[in-house]
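Encoded as structure tokens, the structure appears first; notes follow it.
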Amino acid sequence: MHDQSPAPVICLDGPSGAGKGTVGRMLAQRLGWHFLDSGALYRLVAVAAKKQGVDLDAAETLAGLAHRLDCVFGWDSRGREQIFLEGREVTAEVRAETTGAAASRVARQPAVRDALLARQRADRRSPGLVADGRDMGTVVFPDAPLKIFLTASAEERACRRHKQLMEHGISASITSLIQEIEDRDRQDRDRPVSPLVPDAEAQVVDSTGRSPEQLCEHIIGLARIRHLV
Ligand code: DC
């Protein structure tokens with residue numbers, strides 16, 4: 002007899018720069034599970050829209066782009082992430098701050114969110130999935146056995162974002178990053194569809210002053226208590 006229960010999911014939601022990406026990738030690697038970077042999908046819709054000259058408020062056209070999104074995620078020989086859109090590398094564009102802001106606008110459209118739902122759920126495969134986003138626990142995987150809401154102060158998040166951008170060769174000022182992060186949080190929190198709020202079942206974890214390794218250990222401990230690993 003086959004076990005019919007769906008593969009386990011650990012949801013990692015929270016505001017931008019809280020460390021979800023770093024911790025989530027590390028967690029997925031440690032557990033040998035799949036990893037879903039849902040924010041990258043919204044960013045890719047924004048990049049595709051820009052390339053095709055589509056207005057960021059044109060809900061149905063954006064949803065069409067989201068449905069047809071032809072993207073591949075990978076790594077180069079030095080272990081750096083690579084993202085391809087229709088066969089062309091777009092990693093730097095996807096990670097740019099301007100794309101983050103555009104993604105946040107695109108993500109307000111219910112039609113776009115619907116168009117990306119099936120793609121995200123298809124990533125739930127054995128042996129398990131670590132899902133990084135804003136609405137993983139509330140909307141995409143409401144039955145997930147472990148939901149984490151990762152937070153950190155805006156200053157700490159801006160410093161982390163700064164470091165990430167530098168690694169991608171993009172320069173930015175910390176002050177303007179704090180402002181951008183606060184603006185984007187407000188936009189993500191106040192939107193009517195899938196707002197950035199912790200699920201009632203989520204464990205809120207403050208990542209301020211804690212290393213990715215410590216956070217990873219903490220989450221694995223929570224997963225063990227639930228017999229997920
Ligand atoms: O995590 P990120 O910075 O790559 O996400 C970019 C934007 O996409 C973010 O401002 C909000 C949106 N987003 C979302 O609405 N829902 C998700 N599950 C992931 C990201």
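Per the numbering used here, the sequence shown starts with residue 2, numbered consecutively.
Glycine is no exception: its CB is placed at the ideal position from the N, C-alpha and C atoms.
Tell me whether residue 174 counts as near the ligand ZN, meaning its Cβ is closer than 7 Å to at least one heavy atom of that ligand. No copy of the ligand ZN appears in this structure; the ligands present are the ligand DC.
With 16 other CB atoms within 10 Å as the buried threshold, where does residue 118 fall? exposed
Spatial neighbours of residue 137 within its chain, please: CB distance less than 6 Å, with the 5 preceding and 5 following residues excluded, ordered by chain position. 12, 14
To the nearest angstrom, how far is the alpha carbon of residue 202 from that of residue 146? 9 Å
With 16 other CB atoms within 10 Å as the buried threshold, where does residue 226 fall? exposed
Counting along the chain, where does the beta strand (DSSP E) carrying residue 83 start and finish? 82-86
Kindly identify the DSSP beta-bridge partner or partners of residue 203. Beta-bridge pairing links residue 203 to no other residue.
Please say whether residue 19 and residue 229 have beta carbons closer to each other than 8 Å? no
Which one of 54, 21, 178 has the shortest CA to CA distance from residue 36? 21
If you count every other CB in all the chains shown that lies within 10 Å of the CB of residue 121, and 16 or more means buried, which is it? buried
Using the three-state DSSP reduction, which class does residue 97 fall into: helix, strand or coil? coil
Within 8 Å, do at least three Cβ pairs link the stretch 161-178 to the stretch 94-106? yes
Taking only the alpha-carbon atoms, compute the straight-line gap between residue 155 and residue 182 and give it to the nearest angstrom. 7 Å
Would you mind stating whether residue 159 and residue 207 have Cβ atoms separated by less than 8 Å? no
C-alpha distance - residue 40 paired with residue 104, whole-angstrom precision: 8 Å
What span of residues does the alpha helix (DSSP H) with residue 23 cover, start to end? 21-32
Tell me the DSSP secondary structure of residue 171 in three-state form. coil
Ordered along the chain, which non-local residues of its own chain (more than five positions away) have a Cβ less than 6 Å from that of residue 190? 196, 197
Whole-number beta carbon distance between residue 131 and residue 29, since they are thought to touch under 8 Å: 4 Å
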